[in-house]
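Residue numbers (this note's numbering): 22 to 496.
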């Protein structure tokens with residue numbers, strides 16, 4: 022039974038020991054680029070581990086290509102980070118000088134004011150002294166860190182030289198155009214059903230770059246099948262299309278990845294985050310690793326989680342802003358959407374989700390809406406406004422939609438919306454009889470129809486006596 026479900030079970034200590042003896046170690050692009058984001062001591066520790074494993078390391082073509090494509094921009098980014106930090110500290114100090122400027126300006130307003138406030142400023146001279154001390158400490162600290170991270174000359178790059186040497190003859194083949202087009206078609210199908218890896222990139226990337234992780238994964242599978250080899254994959258990715266666990270957690274490889282690898286290769290597959298890999302290498306390969314290197318990679322891992330969380334929020338805000346430009350959403354209260362975009366609060370709840378699922382309003386991004394609905398944050402006022410807009414639109418559409426509007430009204434606010442639902446019934450009845458709310462037989466053209474006031478329900482007009490509803494009637 023264990024062999025049959027090995028892809029579902031966490032490996033035992035004996036399994037891990039064997040895996041480290043037999044597996045091929047495959048590395049992601051971010052692992053290689055992180056060598057430029059750490060101190061020289063830490064990067065040399067990583068390269069030492071790669072040397073120890075040099076007979077069992079391999080790179081997918083996708084990774085090698087991305088590494089060479091992004092190497093120089095990563096070097097420039099790291100070099101400029103120290104200059105940027107110094108500018109931030111200087112700007113902060115300049116802003117604190119305004120305190121002293123305020124003192125001088127107030128002195129010039131008059132003798133009475135000057136004499137009354139001078140004692141206050143005198144008591145706070147120590148504040149400006151503290152500003153100088155803080156600025157001096159930060160400036161010297163940044164200089165010290167910069168000196169310990171000397172910029173790498175792209176033309177004299179010891180990291181690149183080592184990578185080219187270690188992975189010589191250990192890079193996979195490139196997919197041709199036909200193979201890539203086939204992979205992209207498969208990717209569309211996989212992403213539509215949330216099959217990893219790469220479906221998270223589909224939200225943020227529009228072109229073929231969204232298939233980068235899938236291309237990498239397919240190349241790993243091809244290699245493992247050809248070599249009949251177990252694989253340990255090292256990556257700095259934290260996205261949920263690679264890992265099992267809550268956001269930012271890397272408990273174990275995504276179960277679907279383990280199953281797909283087992284099904285196609287019939288060998289074990291495991292993954293390590295970069296910082297865990299360094300710790301495990303120290304333990305299992307008996308390699309001497311500087312404790313500072315482990316601390317530094319831990320810090321990079323935390324930074325990666327924070328960046329991903331920020332990127333997720335930005336993607337959400339961008340998505341909400343785009344919604345205001347979609348013609349399919351013209352029936353929704355624009356003020357509501359602007360409030361979402363400007364306040365940057367995912368305040369859509371299950372009732373709003375139901376409204377967006379109505380036939381009159383196609384769901385543009387059901388995954389986004391479901392994620393927002395899970396927030397369980399009530400927003401009754403805006404949901405009611407949205408319901409009013411949906412009611413107004415339903416009057417100009419088919420009366421069969423009334424039932425769904427009624428159900429929505431009952432779910433959102435049965436007591437407050439029941440009266441409006443009854444008024445909607447009267448409006449639809451009048452329309453079916455060929456009458457407008459004004460009593461004429463002319464159905465106004467859509468372009469001439471007055472825009473309903475969402476705060477003021479349409480007036481009821483009855484041609485005869487209205488039967489009083491019984492206690493069980495919803496109206």
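Note that CB positions come from ideal geometry on N, CA and C, so glycine has one too.
Expressed to the nearest angstrom, what Euclidean distance is found between the alpha-carbon atoms of residue 26 and residue 84? To locate residue 26, count along the chain shown from 1; it is residue 5. To locate residue 84, count along the chain shown from 1; it is residue 63. Near 30 Å, if we compare the C-alpha coordinates of residue 84 and residue 26.
Given residue 431, which residues of its chain have a CB within under 6 Å of its CB, disregarding the five upstream and five downstream residues? Residue numbering aside, residue 431 sits at position 410 when the chain shown is read from its first letter. Its pLDDT being 49, under 50, residue 431 is placed unreliably by the model, and the measurement read from it follows with that caveat. Nothing meets the Cβ criterion.
Same chain, Cβ closer than 8 Å to residue 44, five either side skipped, listed in chain order: Along the chain shown, one-based indexing puts residue 44 at 23. Sequence-distant Cβ neighbours of residue 44 in its own chain, meaning closer than 8 Å and more than five residues away, are 77, 250, 251, 252, 253, 289 and 291.
Run the CB neighbour count on residue 35, radius 10 Å, all protein chains shown included, and call it buried at 16 or more, exposed below. In the chain shown, residue 35 corresponds to position 14, counting from 1. Label assigned to residue 35: exposed.
Using a 10 Å radius around the Cβ and a threshold of 16 neighbouring Cβ atoms, would you call residue 448 buried or exposed? The count along the chain shown starts at 1 and reaches residue 448 at position 427. Summary for residue 448: the model assigns pLDDT 49, below 50, so the residue's position carries little reliability; its value from the coordinates is reported in the next sentence. Buried.
Can the beta-carbon of residue 236 be found less than 8 Å from the beta-carbon of residue 204? On the chain shown, position 215 is the one that residue 236 refers to. On the chain shown, position 183 is the one that residue 204 refers to. Residue 236 is a Cβ neighbour of residue 204, given a cutoff of 8 Å.
Which residue or residues does DSSP assign as beta-bridge partners of residue 291? Walking along the chain shown from the start, residue 291 turns up at place 270. Beta-bridge partners assigned by DSSP to residue 291: 253.
To the nearest angstrom, how far is it from the Cα of residue 90 to the Cα of residue 107? On the chain shown, residue 90 is found 69 positions in, with the first residue counted as 1. On the chain shown, residue 107 is found 86 positions in, with the first residue counted as 1. Answer to the nearest angstrom: the Cα atoms are 29 Å apart.
In the DSSP assignment, what are the bridge partners of residue 103? For the purposes of this step, residue 103 is taken as the residue at position 82 of the chain shown. Note: residue 103 sits in no beta bridge, so no partner.
If you run the structure through DSSP and keep just helix, strand and coil, what is residue 192? Working through the chain shown from its first residue, we reach residue 192 at position 171. Looking at residue 192 - three-state DSSP - the assignment turns out to be strand.
Tell me whether the beta-carbon of residue 215 lies closer than 8 Å to the beta-carbon of residue 231. On the chain shown, residue 215 is found 194 positions in, with the first residue counted as 1. On the chain shown, residue 231 is found 210 positions in, with the first residue counted as 1. Going by C-beta atoms, residue 215 is not nearer than 8 Å to residue 231.
Under the rule that 16 or more other beta-carbon atoms within 10 Å means buried, what is residue 109, buried or exposed? Taking the first residue of the chain shown as 1, we reach residue 109 at position 88. Burial is judged here by how many other beta carbons sit within 10 angstroms of a residue's own beta carbon; residue 109 has fewer than 16 and is exposed.
Do you know offhand how far residue 74's Cα is from residue 46's? Counting from one through the chain shown, the residue named residue 74 turns up at place 53. Counting from one through the chain shown, the residue named residue 46 turns up at place 25. Computed Cα separation, rounded: 8 Å.
How should residue 239 be labelled, buried or exposed, when 16 other C-beta atoms within 10 angstroms of its C-beta is the threshold for buried? Within the chain shown, residue 239 is the residue found at index 218, counting from 1. Buried, since its Cβ has 16 or more Cβ neighbours within 10 Å.
Thinking C-alpha only, which one of 68, 82 and 32 is nearest residue 197? As a first step, residue 197 is located in the chain shown; it is residue number 176 there, counting from the start. It is 82 whose Cα lies nearest to the Cα of residue 197.
What does a CB cutoff of less than 6 Å around residue 117 pick up in its chain, not counting 5 residues either side in sequence? As a working note, residue 117 is residue 96 in the chain shown. Contacts found: 152.
Which of helix, strand or coil DSSP assigns to residue 52: Your numbering for residue 52 matches position 31 in the chain shown. Of the three classes helix, strand and coil, the one that applies to residue 52 here is helix, per DSSP.
Helix, strand or coil at residue 274 [DSSP, three-state]: Residue 274 sits at position 253 when you count from the first residue of the chain shown. Residue 274 falls in the strand class under three-state DSSP.
Apart from the five residues just before and just after residue 163, which ones in its own chain have a Cβ nearer than 8 Å to its Cβ? If you number the chain shown from 1, residue 163 lands on position 142. Excluding residues within five positions, the ones whose Cβ falls inside 8 Å are 103, 106, 107 and 110.
Expressed to the nearest angstrom, what Euclidean distance is found between the alpha-carbon atoms of residue 66 and residue 59? By 1-based counting over the chain shown, the position of residue 66 is 45. By 1-based counting over the chain shown, the position of residue 59 is 38. Cα-Cα distance, rounded: 11 Å.
Assuming contact is defined by CB atoms lying nearer than 8 Å, are residue 258 and residue 51 in contact in what I supplied? Along the chain shown, one-based indexing puts residue 258 at 237. Along the chain shown, one-based indexing puts residue 51 at 30. Note that the C-beta distance between residue 258 and residue 51 is below 8 Å.
Which term fits residue 296, buried or exposed, when burial requires 16 or more other beta carbons within 10 angstroms of its beta carbon? As a working note, residue 296 is residue 275 in the chain shown. With 16 or more other Cβ atoms within 10 Å, it is buried.
In whole angstroms, give me the CA-to-CA distance for residue 298 and residue 119. Your numbering for residue 298 matches position 277 in the chain shown. Your numbering for residue 119 matches position 98 in the chain shown. Whole-angstrom Cα-Cα distance: 49 Å.
In the DSSP output, what is residue 264 paired with across the bridge? Walking along the chain shown from the start, residue 264 turns up at place 243. Beta-bridge pairing links residue 264 to 274.
Closest by CA to residue 310, which one among 37, 40 and 63? Residue mapping note: residue 310 aligns to position 289 of the chain shown, counting from 1. Considering only alpha carbons, the answer is 63.
So the alpha helix (DSSP H) residue 234 belongs to, where does it begin and stop? On the chain shown, residue 234 is found 213 positions in, with the first residue counted as 1. Residues 233-248.
Taking residue 168 as the reference, give the member of 315, 42, 61 and 33 with the closest Cα. Mapped onto the chain shown, residue 168 falls at position 147. Out of 315, 42, 61 and 33, 61 has the C-alpha closest to the C-alpha of residue 168.
Using a 10 Å radius around the Cβ and a threshold of 16 neighbouring Cβ atoms, would you call residue 158 buried or exposed? By 1-based counting over the chain shown, the position of residue 158 is 137. Exposed, because fewer than 16 other Cβ atoms sit within 10 Å of the Cβ of residue 158.
Looking only at C-alpha atoms, which of 314, 233, 71 and 194 sits nearest to residue 212? Taking the chain shown and counting its residues from 1, the one referred to as residue 212 is at position 191. When C-alpha distances from residue 212 are compared across 314, 233, 71 and 194, the shortest belongs to 233.
Is it buried or exposed, residue 208, if we count other Cβ atoms within 10 angstroms and call 16 or more buried? Taking the first residue of the chain shown as position 1, residue 208 is located at position 187. By the neighbour-count rule (16 or more Cβ atoms within 10 Å), residue 208 is buried.
Whose C-alpha, out of 320, 264, 28 and 193, is nearest the C-alpha of residue 274? Along the chain shown, one-based indexing puts residue 274 at 253. Of 320, 264, 28 and 193, the residue nearest in Cα terms is 264.
What is the DSSP secondary structure of residue 80, reduced to helix, strand or coil? Locating residue 80 in the chain shown gives position 59, where the first residue counts as 1. Of the three classes helix, strand and coil, the one that applies to residue 80 here is strand, per DSSP.
Simplified DSSP state of residue 47, which is helix, strand or coil: Within the chain shown, residue 47 is the residue found at index 26, counting from 1. The answer is strand: DSSP assigns residue 47 an E or B state.
Spatial neighbours of residue 194 within its chain, please: C-beta separation below 7 Å, excluding the five flanking residues on both sides. Here the question's residue 194 lines up with position 173 in the chain shown. The answer, listed in chain order, is 82.
Using beta-carbon positions only, say whether residue 293 and residue 255 come within less than 8 Å of one another. The residue labelled residue 293 in the question sits at position 272 within the chain shown. The residue labelled residue 255 in the question sits at position 234 within the chain shown. At a Cβ-Cβ threshold of 8 Å, residue 293 and residue 255 count as neighbours.
Where residue 12 falls, given that 16 or more other Cβ within 10 Å makes a residue buried: No answer is possible for residue 12: the residues shown for the chain start at 22 and end at 496.
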